[in-house]
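Peer 1: Sharing a structure, written as structure tokens. Questions coming.
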Amino acid sequence: MPRPPDSVWAHFRRDDAQRRAICKFCHHNMVGLVTRMRVHLSKRCPECPASVRADMLASDDGSKKGSAAAAAAAFLSLDHVTPNSIKMQSVVSSDMKQKKRKSYSTDLTDKHDVQSYVSKAIMGAGLPVTVIEDPSFQRLLKRLAPSYQPCTTTALISSQLDTEYHEIQARVRADINDTASICLGVESWSLLHNRSVLSYMVYAPTPSVYTFEGTREHVHSSDMLFQRMEAVLLSIGLERVSTLVVDGSASMKDASDLLVAKYQHLTILPSCAHAFDALMQELLRLPVFHSLWSVCKQITTYFGQNHLHKARFSRVAAELNIEDVPFGLVDADESHPASVLACVWALERYRHVFDVLLAEDFGALDTLDLTLREKLSNLAWWGNVATFKAVLAPFVDVLDAMDADFCSLATFYYKFTLLWNHVQTFPSMPPDCTRLVGKHWAKMRHPAMYTAFLLDPRFPPSSLGNDEMQEALSCLKQLSTPTLFANLISELTRYTGRCTGVFADDAVWESAKHCSPLHWWKGFLGSSCPHLQAVAIRVLCFPASSGISHAKRTKLDAVDAANAAVMNDDQANKAAYVYLNMNMNTELKAGAPFVSKALCI
Numbered sequence: 002m003p004r005p006p007d008s009v010w011a012h013f014r015r016d017d018a019q020r021r022a023i024c025k026f027c028h029h030n031m032v033g034l035v036t037r038m039r040v041h042l043s044k045r046c047p048e049c050p051a052s053v054r055a056d057m058l059a060s061d062d063g064s065k066k067g068s069a070a071a072a073a074a075a076f077l078s079l080d081h082v083t084p085n086s087i088k089m090q091s092v093v094s095s096d097m098k099q100k101k102r103k104s105y106s107t108d109l110t111d112k113h114d115v116q117s118y119v120s121k122a123i124m125g126a127g128l129p130v131t132v133i134e135d136p137s138f139q140r141l142l143k144r145l146a147p148s149y150q151p152c153t154t155t156a157l158i159s160s161q162l163d164t165e166y167h168e169i170q171a172r173v174r175a176d177i178n179d180t181a182s183i184c185l186g187v188e189s190w191s192l193l194h195n196r197s198v199l200s201y202m203v204y205a206p207t208p209s210v211y212t213f214e215g216t217r218e219h220v221h222s223s224d225m226l227f228q229r230m231e232a233v234l235l236s237i238g239l240e241r242v243s244t245l246v247v248d249g250s251a252s253m254k255d256a257s258d259l260l261v262a263k264y265q266h267l268t269i270l271p272s273c274a275h276a277f278d279a280l281m282q283e284l285l286r287l288p289v290f291h292s293l294w295s296v297c298k299q300i301t302t303y304f305g306q307n308h309l310h311k312a313r314f315s316r317v318a319a320e321l322n323i324e325d326v327p328f329g330l331v332d333a334d335e336s337h338p339a340s341v342l343a344c345v346w347a348l349e350r351y352r353h354v355f356d357v358l359l360a361e362d363f364g365a366l367d368t369l370d371l372t373l374r375e376k377l378s379n380l381a382w383w384g385n386v387a388t389f390k391a392v393l394a395p396f397v398d399v400l401d402a403m404d405a406d407f408c409s410l411a412t413f414y415y416k417f418t419l420l421w422n423h424v425q426t427f428p429s430m431p432p433d434c435t436r437l438v439g440k441h442w443a444k445m446r447h448p449a450m451y452t453a454f455l456l457d458p459r460f461p462p463s464s465l466g467n468d469e470m471q472e473a474l475s476c477l478k479q480l481s482t483p484t485l486f487a488n489l490i491s492e493l494t495r496y497t498g499r500c501t502g503v504f505a506d507d508a509v510w511e512s513a514k515h516c517s518p519l520h521w522w523k524g525f526l527g528s529s530c531p532h533l534q535a536v537a538i539r540v541l542c543f544p545a546s547s548g549i550s551h552a553k554r555t556k557l558d559a560v561d562a563a564n565a566a567v568m569n570d571d572q573a574n575k576a577a578y579v580y581l582n583m584n585m586n587t588e589l590k591a592g593a594p595f596v597s598k599a600l601c602i
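If you want the working numbering, it's the position in the sequence shown, counting the first as 1, plus 1.
This is the structure we're talking about:
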């Protein structure tokens with residue numbers, strides 16, 4: 002006679018075709034083995050009732066006790082009990098106790114690891130911290146780790162946030178301690194809800210956020226900034242910080258002057274990102290540009306604020322197979338030049354959509370201002386849009402480079418020289434545009450920029466003019482000691498000549514196109530030029546920006562708004578610190594091709 006089915010089958014459905022079992026509680030499809038089915042109900046099923054789980058655990062314990070009793074009876078039934086057998090029994094008992102302790106320790110470790118992974122996932126992705134108490138999220142966690150009990154929102158923003166914060170802080174400070182000289186970037190700004198903050202970036206050599214602090218009711222005056230910056234310098238170590246990159250505000254400039262007066266070894270560099278943003282804002286206010294992009298902004302606002310017009314626009318865009326996104330127009334924010342340019346670029350991309358909407362009789366453009374409709378139907382106006390794009394395309398390239406987590410001074414100088422050549426050679430370039438570019442370049446230029454460009458292996462030294470080369474040599478002299486400067490110049494001569502030693506190998510120079518300049522200097526030169534290598538690694542860490550990218554700022558604004566109801570200022574600053582460091586792209590990009598002619602400004 003066949004054996005009766007095990008009682009565990011009362012909680013499963015049979016899949017006779019594939020000889021599998023389906024749990025009635027969580028609908029998990031598994032192999033129809035009784036032992037595995039019991040383990041599933043007792044330890045893994047997230048929806049199993051407590052009574053059923055207790056029955057499974059009790060039956061498992063009963064079977065284990067029965068097996069142990071049978072083994073003991075068999076042992077006692079032996080005719081002769083020898084000392085060796087007694088010793089073997091004690092060894093087996095000791096091993097079982099150790100395994101039990103190890104299993105208990107492993108469970109605690111696994112629980113701690115799961116909690117750490119969950120905290121990192123929420124904070125690293127910038128999710129609202131209240132998601133930890135969302136039923137759908139908790140069901141996911143139970144399915145992935147049935148024995149894990151999710152923490153509360155209060156625990157997540159207190160103990161768990163502190164744990165992740167201190168862990169990242171220890172790692173950042175350990176990297177700093179392993180570096181002889183670092184560059185510090187300082188930026189004063191405010192989040193979307195007018196919460197003033199100071200962010201400090203360190204480059205040692207990879208970028209990371211050293212601290213992210215709120216200033217609350219304190220005004221960002223020069224004295225306050227000086228005191229805060231001095232405190233950070235002292236916490237890092239004055240002997241380690243050699244260079245500061247600061248934003249372009251007047252208070253920050255005054256605070257930097259106070260720092261240099263007190264600590265003469267510091268070098269202050271302007272933030273090229275802030276200076277270039279100021280250039281773009283002034284450039285876009287010129288009448289020749291402002292009149293065009295303001296029309297684009299009005300058209301974008303018209304479609305973005307009315308759901309019917311937006312739906313018609315999306316329908317036509319889908320019919321024309323322009324792209325998959327439902328609505329691709331970009332709103333222009335005058336304080337953010339990149340969004341203004343993106344607005345014009347998007348409008349030109351959807352030009353044929355506007356042609357179709359003008360030809361249709363569905364009323365999509367009936368309420369649009371008559372002058373704007375005339376612009377959309379005027380070929381001359383679309384020609385002006387194309388000219389606008391051609392004039393400002395190199396400016397977009399610079400903005401794209403600046404929006405990365407790290408843009409070196411060498412990369413910025415290369416991009417800017419291409420822009421300058423474009424401004425000088427483009428036909429019918431507005432004179433005011435050339436004047437503004439030259440005026441703002443005078444505020445951005447610094448000998449350290451030429452030095453970084455000289456020591457970047459992606460670019461030939463002949464790309465620098467004579468004046469720029471002399472300024473680069475003066476900067477190298479300041480970065481070195483008088484006794485070592487002669488050796489530095491000797492190594493620089495071999496580097497620029499590319500004809501002796503390791504620099505004569507074409508494969509070495511070819512490799513510079515496929516890795517970051519820092520990796521190139523660290524990996525290929527060894528001890529052939531130790532003095533130049535040390536200076537190059539130091540200079541190539543100089544960033545073109547003193548703060549975080551605009552994309553990161555936008556994300557921080559969203560995270561701050563989502564958590565405003567449950568986090569205080571200190572917790573919000575810690576969450577921002579954790580998010581930024583977990584999402585910092587530390588890969589310094591290789592990239593720009595060689596230029597064959599001298600580029601001078």
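Glycine is no exception: its CB is placed at the ideal position from the N, C-alpha and C atoms.
Check S191 in the structure and name its three-state DSSP category.
Peer 2: Of the three classes helix, strand and coil, the one that applies to S191 here is strand, per DSSP.
Peer 1: Thinking L519 and V210 are a contact (beta carbons under 8 Å), I'd like their distance in whole angstroms, please.
Peer 2: 19 Å between Cβ atoms; not a contact.
Peer 1: Could you check whether S160 and V242 sit closer than 9 Å to each other, using their CB atoms as the reference points?
Peer 2: No, Cβ-Cβ distance for V242 and S160 is not below 9 Å.
Peer 1: Of all the beta strand (DSSP E) runs that stay within the bounds of the stretch 25-52, which reach a length of 3 or more residues?
Peer 2: Runs found: 30-32.
Peer 1: Would you call C542 buried or exposed, if buried means 16 or more other Cβ atoms sit within 10 Å of its Cβ?
Peer 2: It counts as buried.
Peer 1: Rounded to a whole number of angstroms, what is the C-alpha to C-alpha distance between Q471 and D176?
Peer 2: About 34 Å.
Peer 1: As an exercise, report each continuous alpha helix (DSSP H) stretch of at least 4 residues that is fully enclosed by the stretch 307-376, in chain order.
Peer 2: DSSP runs (the alpha helix (DSSP H)) wholly in the stretch 307-376: 308-320, 338-350, 352-360.
Peer 1: Three-state secondary structure (DSSP) at D437?
Peer 2: With the sequence shown as reference, residue 437 is identified as Leu, and Asp is not the correct amino acid for it. It is helical.
Peer 1: Less than 8 Å between the CB atoms is what I'm expecting for S547 and D248, so what's the real figure, rounded?
Peer 2: Contact flag correct, Cβ pair sits at about 5 Å.
Peer 1: Give me the Cα-Cα distance between E165 and D433, rounded to the nearest whole angstrom.
Peer 2: Near 51 Å, if we compare the C-alpha coordinates of D433 and E165.
Peer 1: Kindly indicate which three-state DSSP category E214 falls into: helix, strand or coil?
Peer 2: E214 falls in the strand class under three-state DSSP.
Peer 1: Consult DSSP for G186 and reduce its assignment to one of helix, strand or coil.
Peer 2: Three-state result, G186: strand.
Peer 1: Where do the N-terminal and C-terminal ends of the alpha helix (DSSP H) with S409 fall, by residue?
Peer 2: S409 -> no alpha helix (DSSP H), and no H or E assigned at all.
Peer 1: Is it buried or exposed for S8, if we count other Cβ within 10 angstroms and need 16 for buried?
Peer 2: Exposed.
Peer 1: CB-CB under 8 Å to E349, same chain, minus the five flanking residues each way: which ones, in chain order?
Peer 2: Closer than 8 Å at the Cβ level, and outside the excluded window around E349, lie W383, V386, A387, K390.
Peer 1: Check each candidate in A566, V509, L420 and name the one with the smallest Cα separation from M281.
Peer 2: Comparing Cα-Cα distances from M281 to each of A566, V509, L420, the minimum goes to L420.
Peer 1: Can you tell me which of the three DSSP states L533 falls into?
Peer 2: DSSP places L533 in helix when its eight states are reduced to three.
Peer 1: Bridge partners for F13 per DSSP, in chain order?
Peer 2: Answer is C24.
Peer 1: What are the boundary residues of the beta strand (DSSP E) that T244 is part of?
Peer 2: 242-247 is the span of the beta strand (DSSP E), which, as asked, contains T244.
Peer 1: Tell me the DSSP bridge mates of S200?
Peer 2: DSSP output for S200 lists E188, F213 as bridge partner(s).
Peer 1: At which residues does the alpha helix (DSSP H) containing I300 begin and terminate?
Peer 2: First-last of the alpha helix (DSSP H) with I300: 288-305.
Peer 1: As a quick exercise: from V392, V331, Y303, V317, pick the residue whose alpha carbon is nearest that of N367.
Peer 2: What sits at residue 367 in the sequence shown is Asp, not Asn. Closest option to D367, Cα to Cα, is Y303.
Peer 1: Quick one: what's I269 bridged to in DSSP?
Peer 2: Paired residue(s): L245.
Peer 1: Going by Cα to Cα distance, which pick from T482, G466, F417, D571 is closest to D162?
Peer 2: According to the sequence provided, residue 162 is Leu. The question's Asp does not apply to it. Closest by alpha carbon: D571.
Peer 1: Quick check on the DSSP output: the alpha helix (DSSP H) that includes S257 runs from which residue to which?
Peer 2: Counting along the chain, the alpha helix (DSSP H) containing S257 begins and ends at 251-263.
Peer 1: Which of the three DSSP states is assigned to P544 in this structure?
Peer 2: Strand at P544.
Peer 1: CB-CB under 6 Å to S86, same chain, minus the five flanking residues each way: which ones, in chain order?
Peer 2: Its pLDDT being 49, under 50, S86 is placed unreliably in this model, and the coordinates cannot settle the point.
Peer 1: Using C-beta distances below 6 Å, list every residue in its chain close to F26, excluding the 5 sequence neighbours before and after it, in chain order.
Peer 2: C46, E48, C49.
Peer 1: Closer than 6 Å by C-beta to E218: which residues in its own chain qualify, once you throw out the five before and the five after it? Chain order, please.
Peer 2: Once the five neighbours on either side are set aside, E218 has no close Cβ partner at all.
Peer 1: Please classify L157 as buried or exposed, where buried requires at least 16 neighbouring CB atoms within 10 angstroms.
Peer 2: L157 should be labelled buried.
Peer 1: Does DSSP put P594 in a helix, in a strand, or in coil?
Peer 2: Confidence at P594 is low in this model, with a pLDDT of 40, below 50, so its placement is unreliable and the value that follows should be read with caution. Here P594 sits in coil by DSSP.
Peer 1: Going by other Cβ atoms of all chains shown within 10 Å of its Cβ, with 16 needed for buried, is G186 buried or exposed?
Peer 2: With 16 or more Cβ atoms within 10 Å of its Cβ, G186 is classed as buried.
Peer 1: Go through its chain and collect everything with a Cβ distance to R316's Cβ below 8 Å, but skip five positions before and after it.
Peer 2: For R316, where only same-chain residues beyond five positions count, there are no Cβ hits under 8 Å.
Peer 1: On the three-state DSSP scale, how would you describe V208?
Peer 2: Looking at the sequence shown, residue 208 is not Val but Pro. The answer is strand: DSSP assigns P208 an E or B state.
Peer 1: Measure the alpha-carbon distance for A538 versus T268 and round it to whole angstroms.
Peer 2: Note on identity: in this sequence residue 538 is Ile, with Ala being the wrong assignment. Approximately 16 Å, taken between the alpha carbons.
Peer 1: Got a sec? Which residues, its chain only, sit under 6 Å from L1 by beta carbon, not counting five neighbours each side?
Peer 2: The structure shown has nothing for residue 1, since the chain only spans 2 to 602.
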